[in-house]
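A.B. asks: Residue numbers (the numbering used here): 5 to 210. The beta-carbon is built from N, C-alpha and C at its ideal position, and this holds for glycine as well. As the structure is a computational prediction, the values presented were derived from the model and not from experiment. The structure is given below, and queries will be raised subsequently.
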């Protein structure tokens, strides 16, 4: 499904967004944009990246704001889910404070959600709950997250069980009951990360 196809996906029907119908230099339709933490306004935009396997248009947060406690969000419109599988292709491009790529799920608002995050500077993948704007890690592993290479981050939530994968390989699973209700899904970065995202997929489970 190309970006701009409206409405919520039916249960069991994946929703896929590849940005190929979007205009370079502009925010894509089909998303709401928000910020957790401090720093200046978020600046999400569609860019060209011929290396993307999903097509040459990608989405990135481009402000390069170095505020450490700054987490830009691109939230998918028209879909809420409790049990959900989300994945996205990403390529860490630059960032001196961070080179982060994240997936959010069960998002209530910009201060309350789960996020699975891969980091190209630290070479790790972490799972957090963000509660009233406070980010709390509750699972994670150290693993290679190559810079300047396309990879796929996945997050699957069923009940209280959360599973995080990288390139189709399960990295770890954890349990948490902080957010038990349905919420929105989307993308997440940190500080001055410039990360290219493409091929976002979201599927309700059950």
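(1) So the beta strand (DSSP E) residue 199 belongs to, where does it begin and stop?
(2) Taking the C-alpha atoms as reference points, what is the distance between residue 115 and residue 21?
(3) Using 8 Å as the cut-off, can you tell me whether the region 88-97 makes contact with the region 53-61, which would need three or more C-beta pairs spanning the two stretches below that distance?
(4) Between the alpha carbons of residue 157 and residue 100, how many angstroms are there, rounded?
(5) Taking the beta strand (DSSP E) that residue 96 falls in, what are its first and last residues?
(6) Helix, strand or coil: how does DSSP classify residue 11 here?
(7) Can you tell me the Cβ-Cβ gap for residue 79 and residue 118, rounded? I've got them flagged as a contact below 8 Å.
(8) Any idea which residues DSSP pairs residue 110 with across the strands?
(9) Between the region 81-91 and the region 160-175, are three or more C-beta pairs nearer than 8 Å?
C.D. replies: From the atom records:
(1) Indexing the chain shown from 1 puts residue 199 at position 195. Residues 198-208.
(2) The sequence position of residue 115 within the chain shown is 111, counting from 1. The sequence position of residue 21 within the chain shown is 17, counting from 1. Their Cα atoms are separated by approximately 25 Å.
(3) yes
(4) Position 153 of the chain shown, counted from the start, is the residue given in the question as residue 157. Position 96 of the chain shown, counted from the start, is the residue given in the question as residue 100. Spanning the two alpha carbons is a distance of roughly 21 Å.
(5) As a working note, residue 96 is residue 92 in the chain shown. Residue 96 -> beta strand (DSSP E) spans 88-98.
(6) Position 7 of the chain shown, counting from 1, holds the residue named residue 11. Confidence at residue 11 is low in this model, with a pLDDT of 37, below 50, so its placement is unreliable and no value can be given for it.
(7) Here residue 79 refers to the residue found at position 75 when the chain shown is read from its first residue. Here residue 118 refers to the residue found at position 114 when the chain shown is read from its first residue. About 13 Å; that fails the 8 Å criterion.
(8) Position 106 of the chain shown, counting from 1, holds the residue named residue 110. Paired residue(s): none; residue 110 is not in a bridge.
(9) yes
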